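Numbering-wise (our numbering), the sequence shown opens with residue 87 and increments by one. Idealized CB from N, CA, C, for every residue including glycine. Here the structure is a predicted model, which means the values were calculated and not measured. Below is one structure, written out as structure tokens; the observations come after it.
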Amino acid sequence: MRIRYDGLIRERLPSGNLRYRVRVEGDASRKITLPISPEHPDFHQHYRAARGGIRLKLAAEDEAQRGTLQWLADGYIAHLSRMVDAGQASPYTLKERANLMKLFLAQESSSGRSRGRIYAGLPVSIPHHELIALRDRFADRPAKAKNIFKMLRAMYKWGEERGHVAANPAAAIKVEYSSQGGATPWSLDDLKKFREAHPPGTMAHLTLTLFMFTACRIGDAYRLGRANEVKRGGVTWLEWQPRKRGSSFVQIPMLAPLQKALRQQKVIGEAYLLTSHGKPFTSAEGLRNRLKKWCREAGLEDRSSHGIRKAAGHLLALNGATQYEIMAVHGHANATTSEVYTKAVERMKLGEMAASRLAGMDW
87 MRIRYDGLIR
97 ERLPSGNLRY
107 RVRVEGDASR
117 KITLPISPEH
127 PDFHQHYRAA
137 RGGIRLKLAA
147 EDEAQRGTLQ
157 WLADGYIAHL
167 SRMVDAGQAS
177 PYTLKERANL
187 MKLFLAQESS
197 SGRSRGRIYA
207 GLPVSIPHHE
217 LIALRDRFAD
227 RPAKAKNIFK
237 MLRAMYKWGE
247 ERGHVAANPA
257 AAIKVEYSSQ
267 GGATPWSLDD
277 LKKFREAHPP
287 GTMAHLTLTL
297 FMFTACRIGD
307 AYRLGRANEV
317 KRGGVTWLEW
327 QPRKRGSSFV
337 QIPMLAPLQK
347 ALRQQKVIGE
357 AYLLTSHGKP
367 FTSAEGLRNR
377 LKKWCREAGL
387 EDRSSHGIRK
397 AAGHLLALNG
407 ATQYEIMAVH
417 GHANATTSEV
427 YTKAVERMKL
437 GEMAASRLAG
447 MDW
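Okay, structure coming up:
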């Protein structure tokens, strides 16, 4: 039987977490946040106290022992969650680090008196040799190792600033990592296959067009709409501040293919990209899942939105764009990031010039 709790408010935060608050009986303007969810055995006790205006604390056994890695991790992830709710951090960073944290805390110590014990219950002052052993354990997964240590450096920095730890033991650990290129850039054939499967007028076609002619990230794509349009000298421009931390403000003219794709849409909403119900996507994850479906329908199972962004950067470079021009379109804050595209094209042109020197050889 489902129990109804008067005055109980269930709220979903931007981080994806659920928060439960209770209106104080006799003072509806006052609300008390509960530290537990309805599934907890002590929920009714906390609820009744909150209705009476009292906020109960968690029992000691519900909290990680102070000074352990679990305790430090809980504090850091809670802080990151609040940052997401305040719009100061990305939900994807939170999701990735929460998953990496679970993996980290589940590791077994391989040294000293702590050998065989799970990290979660060990002291926060993890020794250097233990972190070296952890890094070596992930030698066959260098990208995972890189992300784990990036998370650990951030966690210990957070803890150090708040007096929870005396030093950052992860700061001195170097993780060797060579990028394998990441997402596969879409080829001209890929773009053709997708457009053949999803003709003009479909939301899939508009999505591809938006990615190609703005080179935006998926975390920005689902938010872009007519509110981002600005008229300058009779020309429509798009302006937005990318959600990714450290990105620069983007200002680009809206090109004819995108304008045409927008005019072909029968349903107009606040955002350019809409669900099958005519509503804006509520998250980048929702749009990512929909794009995966469209890619499968086009026979492009291993393609992603970031690959379209890479293709746009490559095409810009092929057509003579400088790294600074690509930087302005992509929202890069650092020119070396955009240089990846121009260097690849320059090497290709140098290779063409070098090969041409052998073209006249009588072989």
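Would you check if the distance between the CB atom of residue i and the CB atom of residue j is smaller than 7 Å?
{"i": "H250", "j": "L158", "result": "yes"}
{"i": "V170", "j": "P121", "result": "no"}
{"i": "V261", "j": "A231", "result": "yes"}
{"i": "Y205", "j": "P228", "result": "no"}
{"i": "L292", "j": "A347", "result": "yes"}
{"i": "A370", "j": "I304", "result": "yes"}
{"i": "G385", "j": "W272", "result": "no"}
{"i": "F299", "j": "P343", "result": "yes"}
{"i": "K321", "j": "P339", "result": "Here the sequence assigns Val to residue 321, which means Lys is not the residue at that position. It is a contact, given that the beta carbons lie within the stated cut-off."}
{"i": "A219", "j": "S200", "result": "no"}
{"i": "G153", "j": "P209", "result": "yes"}
{"i": "K117", "j": "R107", "result": "yes"}
{"i": "N254", "j": "Y242", "result": "yes"}
{"i": "L294", "j": "F280", "result": "yes"}
Closest to residue i by CA distance: which of the options is it?
{"i": "G138", "options": "A445, A164, G93", "result": "G93"}
{"i": "N103", "options": "P177, Q151, A440, D128", "result": "P177"}
{"i": "R203", "options": "L155, P228, E371", "result": "L155"}
{"i": "L166", "options": "H130, M237, K352", "result": "M237"}
{"i": "A136", "options": "A252, I218, Y91", "result": "Y91"}
{"i": "G161", "options": "Q174, R183, I140", "result": "R183"}
{"i": "A290", "options": "M439, L373, E247, G332", "result": "L373"}
Return the CA-CA distance between residue i and residue j, expressed in angstroms with no decimal places.
{"i": "E97", "j": "P124", "result": "13 Å"}
{"i": "R399", "j": "G245", "result": "In the sequence as displayed, the identity of residue 399 is Gly instead of Arg. Each residue's Cα considered, the two are about 39 Å apart."}
{"i": "R395", "j": "L144", "result": "47 Å"}
{"i": "S334", "j": "E325", "result": "11 Å"}
{"i": "K379", "j": "L142", "result": "46 Å"}
{"i": "R349", "j": "P285", "result": "14 Å"}
{"i": "E216", "j": "N185", "result": "21 Å"}
{"i": "A114", "j": "I95", "result": "12 Å"}
{"i": "A192", "j": "G207", "result": "10 Å"}
{"i": "D148", "j": "L189", "result": "Residue placement at D148 cannot be trusted, given a pLDDT of 49 that sits under 50; the coordinates are not used to answer."}
{"i": "S442", "j": "L402", "result": "24 Å"}
{"i": "E387", "j": "A252", "result": "48 Å"}
{"i": "K352", "j": "G287", "result": "8 Å"}
{"i": "M87", "j": "H130", "result": "In this predicted model, M87 has a pLDDT of only 41, less than 50, meaning its place in the structure is not dependable; the value taken from the coordinates is given anyway. Taking the straight line joining both Cα atoms gives about 15 Å."}
Under 8 Å by Cβ, that's how I've got residue i and residue j pegged, so tell me the actual separation to the nearest angstrom.
{"i": "S235", "j": "A256", "result": "In the sequence on display, residue 235 carries Phe and not Ser. Contact holds; Cβ gap of about 6 Å."}
{"i": "L377", "j": "S391", "result": "6 Å"}
{"i": "A283", "j": "E383", "result": "5 Å"}
{"i": "P366", "j": "Y308", "result": "7 Å"}
Any C-beta of chain B sitting closer than 7 Å to the C-beta of residue i?
{"i": "L377", "result": "Checking the listed chains, one finds no chain B in this structure; it contains a single protein chain."}
| request: With a floor of 3 residues, list each beta strand (DSSP E) that falls wholly inside the region 126-208, ordered by position along the chain. | output: Counting only runs of 3 or more, we get nothing.
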